[in-house]
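Heads up: the sequence shown at position 855 corresponds to 1021 in this note's numbering, and the numbers run straight through without jumps. Below: the structure, in C-alpha cells.
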Amino acid sequence: MAQADSNSTSEFGTDAHFQAFRAPDEKELILIPVSLHPTLNELYVIWSDITNCFPETRRIQFRNVYVPLLRDTRLYRVKPHGIKYHPGVVLDIIYGKRPSSFNNNNNNSNNNSTSKKNRINDTQDAIVKTEDPTAGATPPGQDRSSSGQAKKEENLDDYIGGETLARIQEGAVDGDQEEEGKGNDEADCAEEKLETQIEEQEEDSTVGSDAMSQNSATQSTQQSTERPTERLKEQLAARTIEQPTVLPTQPATKQVTLTSASNLPPAMDNEKMKIKEESSPVQELPVVHARRTLPFTIEDVVKHRVKDIFKARYSWTQHCGHSRFFCFLPRVMPTPTGEVAAPGIQSNTDFEFFDLCDCADVPGSKGDWRPHWIGKKINDSFYPVSAEDLSQDQVRGLLPLVGDYVMGVLEMLKYGVYIDKIPQDVAYRISSAIEYLESKGVRSCEGFMTELSSSDPAVAITESMLEQLPPIAALDEKGLVELKDRLERYYNEDEYSDLYPFRTSEGDVRRMCEIHWKSMWLDKELEDTLEDFHDNPMSIESRYEPLFGIWSMRVKNLQRALEYFKLAEKVTWMPVFTIWLDWDLTEKDEAQLAQAVDLLTAAVFHVLARRREVTREDIRLGFGCGYSLLIGSALGNPNIETFSLSTQEPNTEYDYHEYGEGFDTLQMYEPRSQDRIAMVERGVKGAKMKAMLMASDMDLALETVPSLVGGYDRFSELRIGLIATHPDHITIKVAESGAQEDMANIRGDLVSFYEKRQWRDEISIVSNLQFERNAFLAGYLTMATFQVSLSKNGSAIRSLITLNKHLKSLTLESLLPLYNPSQAYETCKQPLFDHPAIELFRITCPNEGPRPSTFVWRHPNDPDKMRVDIFCCRADDVEAMFQRYAPLIDRLEVEWLSSTDAVALEKMARRKKRPLAPKYISIKDVHLMEPAVRTILQEVIAKGAMESVVVQGTIMPQVGVLRNGAKEDVSKLAARLEANVKIWAQFLGAIRCKVTELTVQDGAKKQFLKEMELQIPMLPDMPRLKKLHLSCAAAELNLFKMPWLRLLLLYKGPKPQEVDSSVRDPFRTHALNVFAQRSQLPDLRAITDLRLREVTMGAEDWKQFLPMVEFSQVVKFEVHQKNVLSKETLLQIAEFVPMNSTVLKSFVVIDGKGTDDDTSAALEAKFGPPKLDGVEQAFINLNWFII
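In C-alpha cells:
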C-alpha cells in the first residue's frame, strides 16, 4: 500500500510532495502531486487534479471532518481552486449526485422560485441545526447538516453571520428582477457559499483556536433551550420565504465574520427578545470542558510540540544575546552559468544562524504582533535578515544542544504556528533545513504524522497519540550559557540586521526588529532627550546605545543626576544603566539619590562614586565604606535585578564608547573600577538576592543588613567582607524557609537566631586576622578558614572550636613554612574530640611547589572513624606524624621526603602491632629523592598491601641557572637525563607488581621506554596497572617500535584466545608465556584509563595498537598525535569505538588538524546523527568529529 505522504525521487524532483486520497472504488491509495499556490503561498492540491482522478467527487473529508476549498481573508474561494495540503493524512473521496432540481435549468419561474424557497429553508435549518461536536462522528458519505443537533439559544448568535442574513434579505427583495436564465446558477452559487460559511463555522466551533479543549453543555440545558430556538427558527424561515432570494451579482466587499446578537437586523433582534421573555428562565449549569475527540491537524501537533518554547521567558542575565526564536538555514550560493545546482544540502554547504523578531505577547504592546522573519521592505526601507554565518561543523556541534529547539522554530515558521509564515523565497531553505535535521535524527511533527499514516493509513492523530511526541523543552540557563559560548555575535555588518533588546514590564528581555522596538515606546521628544542628554556641561560624557541596551552617563552635580534617574524611571525598556557620580556627595545628596533608586526598574544598574568619609548611619550599620543609604535602597528594590556600587578616583578617564566582548553583563557593561563595595544579584525580577557587601564590622553587618530588607528570606547568599583586607569575608548560604524563625528582628544574639533556624544555613569565613583580636568567636560558624601562627594562636584556636558548636570544617593556614603539624593537632585534640559536629580538621603550609603541604584529620571526634591524609613536600617535618598516627594514615602523597622521615616511615611500616598501612600512596618525581629514601619507599610499597600505588612525574631535568645568569651546559643536562631515566626504570622495576597508575613524561628520544627494555623481565608485568599516561615531548620515532610498551599492552589487552599467535613477532614466544600465566593470576586488571600525548603514530602503529586494548573495559581513552591522521586510519579507529559500552566516559583521538568534509561525511555515515535523547552519554571525539 502506498504511503500517506512521500517524497518522490522520480520526475517530480527530490523535494516533491504528494497528498494521499482514498476512494471507495480504488484498492490502493491514490497520490496526487502538491503545488505551491501562487496567491496564498501555501502548499495545496489543485481541484481539477482531484476531479480528473475522481470525476464524481462531491466533497473531501478526513474521517468526519470536512475539508473545504482554499479561501482568502474574506472567506472567498480563491483561484486556482484547491484544498490545503495535509501531510501524513489520508483524505477520503465522497461521491454523490446533485438533486434533480439543481440540474434542471429549463423549469418555469414558479418551479424555480419554489426550489429557491426550499433551498433557503434547508439553508436556515442548517444554520440553526448545527452539528454538535460531542455527539459522535458522522458516517463518511453522509451530509453533516442532516446529522446535526440543535444548539443552545445563547450559542445561536455565534452561528448566524450578519452579512449572511443581509444577503438573504437582499436576495428576497431583488429576486424577481433577475433574469430567468440565471436563476438556477445563481441559486446554486448562493447555496454553495452559504454551505461554505456554515461548514467553516462548524469547523471553527469544533476545532477552534484552542486545539486542545471544547465546551459541551449538559443535556438538561439543551432540552430547556430547544423550544425557543425552534420558534425563532420557524419565524426566521417564514419571514424569508415570503419572497424569492437571489444573492448579489457582484462579490461582497465586507468580510464574513461570526457576529453577536447586536449585529442582527432590528426586527429579528426584537423577535428573538420577545421569544426569550415568553420562555421561562433557565438555570445555567457549569461549563464542562470535554477532551477533544476530533483528529489533529499538522498545525495542532506543532502547537503541542512547541508550547513550552513559546511560553518561556528569559531575563537579561539569562539571555544569550540572541532572540528567543532562532534557527539556522542553509546558505544559498549562486550557481555558475551552465551548471545545475546540486539538490539538497551538500557536505560543503554553509549555514546562517537567524534571529526572529520576538514581539508577541509583550505587556503594553500597541499592536497585535506575532514573531516574524526579518528581511523585508518596511516603510520604503529594506531591512536585511538578522543572522550570522555558521559552518556545517558548528551546526553539527549545536545539534545535541538545540536540535529539537531549532526544529520547533522551523516548523512554526513553515506552518505559521505562533509565528508568521516565512516569505516564499525562504520556503525552500526551511524545507531543506527540516530535511537536514531529520537526517541527523531530529524528530519533526510532519515525520511523526507520516510514520503513523504509513503504519496504518486509516489512523487519525488523537490526543492520546501526542504522548509519543512530548513537547520540546525550553532552554535552561545552562543551555543558554553554552549556546552563548559557541556563538559569537558580530555587529555593524551591513549584510545583517540587528535586534534591539527590550525589557518588558514583567522583567523578561525580548529581541526585536527596529520597527517593532520603536513602536513599543516611540516618543519623539523622549528619544531626542536621551540622545541629547550629553549636551550639558554637567554631563558631557555619555553613551546611549539602544542596540546594546545600555545608557551610561558621567554627571557633575546632584541636579543632573536626579534628571538622569527621572529619565531612567521612564526608560523601563532599557536593560542596563551606568551613572558616575563625579562630585563629593553629601548626606543630603545620598538621601535624595537613595529615594530615586527606590523607584527604579532595571535589569542592571551600576553606580560609581568618589570615596568619602563614613557617616553616623554608616557606622551604625557597620558599613565602613559608606553609602549605606544607596546600598539599602538597592537591597530593598526587587525591580533591580543586578546592582553594583564602586568607588572611583576623580579625574579618571573612562571610555564609554568601548564595546565589550560577548554578552556577559558583568564583563561587558560593568564599570572598569575594581574597588567594588556592593554587589546585588537577583538574576530574575523579584527573586532572592545574592549580595556582596564591604563592611567595617562583620558581626554588626550580619545583624543590620537582613533587617534592611525584611530578613534572611530575601537572600540566597550573603557575603560580607572587610574593607581593610579584601580576602577576608564571611559568607552565608541561606537555606530555604521552613523552620521557626524571626527574619526581620535580630536582637544581637546571632547564635539564638540561627538556633531558631535549626542551623540549616551554611556560614563560612575566610580570614587572615590575628586571633588576639578575638574576632569571629561568636559561635555561629559552620565552616572556617584562618591564617594563623600555630605556635602563638593555640588558645584562640581552641576557643574557636569550643564556642562554635556547629562547626563542621576548620582549615588553618600556617603563616610560617617551618612547623610541626602533629604538635598543632595535639594542641586542639581535646576540643576536637569533645566537639559534637566537627567532620574535618585541616592544616596547610605554603611551600616552593604549586600545591601547599596538607595534613587532614577526618572525623577527629570519633576514634573509630578518624583517618589521616598526608601530602608532604620539602621542609615538612612528618616524622612525628608517622610515629603518632601511623595506623590512622589512609592516604600518603609524597613529593619529597627527608632521610629522617623515611626511616620513621619504614619503622612504622615494619612494626607488627598497628603498623602504618595506607590504602593509597603516591610518589612524584622519584629521581629528586635521595637514594636511601628511594630504597625505603621501594621496600614499603613492595611489602605493603596498598589498594592504589601511583607513580608520576617527568624524567626531564630542570634547567639549572648559574650564578652569572648563564644556563647549564647541554652536555650536563644530557648526563642528568640519562641518570634520571635509570632511576625511574630501577624504581619501577622493583615495584612493578604493585603499580596501579603510571604517569610519565618521556624524552624526545624515548629514553624511558628504551631503559625499561634493559630491566630484567618479570612475569607478570604490572598486572594491577589500570591507568597509563605517557607523553613524549617532540617525539620523532614511532611509538610502537618500543618492545616493552608493546609487550605491556599485549599482556594487559584482550584474552589470550583473541590474540593471533600466527603473526610473526620477535616477542611472540614471550607473550604466549605471559598469556599462559594470566589465567592463574587472581588480580589481573585491564587498563581502563589510557592516554598517549605528543606521540607519532602511523597507520601500521594503529593497526598493531588497537587490537591490544581491551575496549570493553576502557573508561577513558585519549591519543594526541603529532602527525596527521588519514581518512582510512580514522575510519579504522572508528571500528573499535565501544558505542554500547556502559563504562566508557570519553574516547578522544586527535591530531590537531581536524577532519575534512569527506572524512566527516564517512564518519557520519557510520555513526549516524548525534544522540539527542538527553541521556548522559560518553564523549567521543574523532579528530574533532564529535559524537
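Where a beta carbon is used, it is the ideal one built from N, C-alpha and C, also for glycine. It should be emphasised that the depicted structure is a prediction, and the values quoted were computed from it without experimental measurement.
Given a threshold of 16 other Cβ atoms within 10 Å of its Cβ, counted over all protein chains shown, does valine 1309 qualify as buried or as exposed?
Against the sequence shown, residue 1309 aligns to sequence position 1143. So valine 1309 ends up on the exposed side.
What three-state label does DSSP hand cysteine 124 in the structure shown?
The question about residue 124 has no answer, for the chain in this structure spans 167 to 1353.
With DSSP as the reference, please indicate the residues paired to cysteine 1198 in a beta bridge.
Within the sequence shown, residue 1198 is the residue found at index 1032, counting from 1. According to DSSP, cysteine 1198 bridges with Asp1168.
Of all the options Ala800, Thr515, Gly487, Leu759, which has the alpha carbon lying nearest to the alpha carbon of glutamate 648?
As a working note, residue 648 is residue 482 in the sequence shown. Closest option to glutamate 648, Cα to Cα, is Gly487.
Helix, strand or coil: how does DSSP classify alanine 182 here?
In the sequence shown, the residue the question calls residue 182 occupies position 16. Three-state result, alanine 182: strand.
For my contact list, leucine 241 and lysine 250 are in at a C-beta cut-off of 8 Å; report their separation, rounded to the angstrom.
Here residue 241 is taken as the residue at index 75 of the sequence shown, counted from 1. Here residue 250 is taken as the residue at index 84 of the sequence shown, counted from 1. Going by Cβ atoms, the distance from leucine 241 to lysine 250 rounds to 14 Å, so no, they are not a contact pair.
Could you check what DSSP says for glycine 877 in three-state terms: helix, strand or coil?
On the sequence shown, position 711 is the one that residue 877 refers to. Coil at glycine 877, not helix or strand.
Cβ shell of asparagine 1349 (< 8 Å), same chain only, five flanking positions each side left out
As a first step, residue 1349 is located in the sequence shown; it is residue number 1183 there, counting from the start. Answer for asparagine 1349: Leu1291, Leu1296, Val1315, Ile1316, Asp1317, Lys1319, Gly1320, Thr1321, Thr1325, listed in chain order.
Quick one: using the 10 Å Cβ neighbour count with 16 as the cut-off for buried, is asparagine 970 buried or exposed?
For the purposes of this step, residue 970 is identified with residue 804 of the sequence shown, where counting begins at 1. Per the 10 Å Cβ criterion, buried.
Can you tell me the Cβ-Cβ gap for leucine 1215 and valine 1275, rounded? I've got them flagged as a contact below 8 Å.
Position 1049 of the sequence shown, counted from the start, is the residue given in the question as residue 1215. Position 1109 of the sequence shown, counted from the start, is the residue given in the question as residue 1275. Contact flag correct, Cβ pair sits at about 7 Å.
Need the endpoints of the beta strand (DSSP E) that proline 234 sits in, please.
Residue numbering aside, residue 234 sits at position 68 when the sequence shown is read from its first letter. For proline 234, there is no enclosing beta strand (DSSP E), as DSSP marks it with neither H nor E.
Do you know whose CA, among Glu222, Gly790, Gln484, lies nearest leucine 641's CA?
On the sequence shown, position 475 is the one that residue 641 refers to. Taking only the C-alpha atoms, the option nearest leucine 641 is Gln484.
Histidine 972 to histidine 1001 span [Cα, whole Å]
Within the sequence shown, numbered from 1, the residue matching residue 972 stands at position 806. Within the sequence shown, numbered from 1, the residue matching residue 1001 stands at position 835. Between histidine 972 and histidine 1001, the C-alpha separation is close to 8 Å.
Reduced DSSP secondary structure (H/G/I, E/B, other) of proline 199
Counting from one through the sequence shown, the residue named residue 199 turns up at place 33. Reduced to three states, the DSSP call for proline 199 is strand.
Segment limits, beta strand (DSSP E) that includes valine 721
Within the sequence shown, numbered from 1, the residue matching residue 721 stands at position 555. Residues 716–721.
Are three or more beta carbon pairs between the region 553–572 and the region 697–717 nearer than 8 Å?
No, the region 553–572 is not in contact with the region 697–717.
Is it buried or exposed for glutamate 345, if we count other Cβ within 10 angstroms and need 16 for buried?
For the purposes of this step, residue 345 is taken as residue 179 along the sequence shown, with counting starting at 1. In this prediction, glutamate 345 scores a pLDDT of 37, lower than 50, which makes its location untrustworthy; no coordinate-derived value is stated.
With valine 255 as the anchor, note down where its alpha helix (DSSP H) starts and where it stops.
As a working note, residue 255 is residue 89 in the sequence shown. Taken as a continuous stretch (DSSP letters only), valine 255 belongs to no alpha helix (DSSP H), as it is neither H nor E.
Glutamine 1118 (DSSP reduced to helix, strand or coil):
The residue labelled residue 1118 in the question sits at position 952 within the sequence shown. Strand at glutamine 1118.
Our contact map puts lysine 1031 next to glutamate 1061 with C-beta atoms below 8 Å; I'd like the distance itself, whole angstroms only.
In the sequence shown, counting from the first residue as 1, residue 1031 sits at position 865. In the sequence shown, counting from the first residue as 1, residue 1061 sits at position 895. Actually they are not in contact, since the Cβ atoms of lysine 1031 and glutamate 1061 sit about 28 Å apart, beyond 8 Å.
Reduced DSSP secondary structure (H/G/I, E/B, other) of asparagine 1146
Indexing the sequence shown from 1 puts residue 1146 at position 980. Three-state DSSP puts asparagine 1146 in a helix.
Determine the extent of the alpha helix (DSSP H) in which glutamine 558 is found, giving its start and end residues.
As a position in the sequence shown, residue 558 is number 392, starting the count at 1. Taken as a continuous stretch (DSSP letters only), the alpha helix (DSSP H) holding glutamine 558 covers 558–581.
Answer with buried or exposed for lysine 1332, where buried requires no fewer than 16 other C-beta atoms within 10 angstroms of its C-beta.
Residue mapping note: residue 1332 aligns to position 1166 of the sequence shown, counting from 1. Counting the other Cβ atoms within 10 Å of the Cβ of lysine 1332 gives fewer than 16, which makes it exposed.
If distances are taken between C-alpha atoms only, which option among Leu796, Leu1006, Glu1284, Met719 comes closest to alanine 844?
The residue labelled residue 844 in the question sits at position 678 within the sequence shown. If we check each option's Cα against that of alanine 844, Leu796 comes out closest.
Whose CA, out of Ile216, Asp1043, Ile198, Thr239, lies closest to the CA of threonine 205?
In the sequence shown, counting from the first residue as 1, residue 205 sits at position 39. Measuring from the Cα of threonine 205, the nearest candidate turns out to be Thr239.
So, with DSSP's three-state summary, where would you put aspartate 863?
Walking along the sequence shown from the start, residue 863 turns up at place 697. It is coil, neither helix nor strand.
Can glycine 1155 and glutamine 1181 be called in contact, C-beta distance under 8 Å?
On the sequence shown, residue 1155 is found 989 positions in, with the first residue counted as 1. On the sequence shown, residue 1181 is found 1015 positions in, with the first residue counted as 1. Their beta carbons are under 8 Å apart, which means glycine 1155 touches glutamine 1181 by this criterion.
Residue from Glu1005, Val472, Glu577, Tyr991 whose Cα sits closest to the Cα of tyrosine 1051:
Stepping through the sequence shown from its first residue, residue 1051 is reached at position 885. It is Tyr991 whose Cα lies nearest to the Cα of tyrosine 1051.
Would you give the residue range spanned by the alpha helix (DSSP H) that serine 918 belongs to?
For the purposes of this step, residue 918 is identified with residue 752 of the sequence shown, where counting begins at 1. Run containing serine 918: 916–922, per the alpha helix (DSSP H) assignment.
In whole angstroms, what separates the C-alpha of isoleucine 511 from that of tyrosine 602?
For the purposes of this step, residue 511 is taken as residue 345 along the sequence shown, with counting starting at 1. For the purposes of this step, residue 602 is taken as residue 436 along the sequence shown, with counting starting at 1. Roughly 7 Å between the two C-alpha positions.
Run of the beta strand (DSSP E) containing asparagine 1347, from where it starts to where it stops
Mapped onto the sequence shown, residue 1347 falls at position 1181. From DSSP, the beta strand (DSSP E) with asparagine 1347 extends over 1345–1348.
Distance, Cα to Cα, glutamate 392 vs leucine 665?
Translated into the one-based positions of the sequence shown, residue 392 becomes position 226. Translated into the one-based positions of the sequence shown, residue 665 becomes position 499. At glutamate 392 the pLDDT is 41, less than 50, meaning the model places this residue with poor confidence; the figure from the coordinates comes in the next sentence. In a straight line, the C-alpha of glutamate 392 is about 56 Å away from that of leucine 665.
Quick check: the Cα distance between cysteine 525 and arginine 677, rounded to an integer number of angstroms?
As a working mapping, residue 525 is identified with position 359 in the sequence shown. As a working mapping, residue 677 is identified with position 511 in the sequence shown. Taking the straight line from one Cα to the other gives about 8 Å.
Going by DSSP in three states, alanine 1141 sits in which element: helix, strand or coil?
Here residue 1141 refers to the residue found at position 975 of the sequence shown. Helix at alanine 1141.
Three-state secondary structure assigned by DSSP to phenylalanine 1302
Position 1136 of the sequence shown, counted from the first residue, corresponds to residue 1302. In the three-state reduction of the DSSP assignment, phenylalanine 1302 falls in the coil class.
Using a Cβ-Cβ distance under 8 Å, would valine 780 count as near chain B?
The question asks about chain B, but that chain is absent: this structure has only one protein chain.
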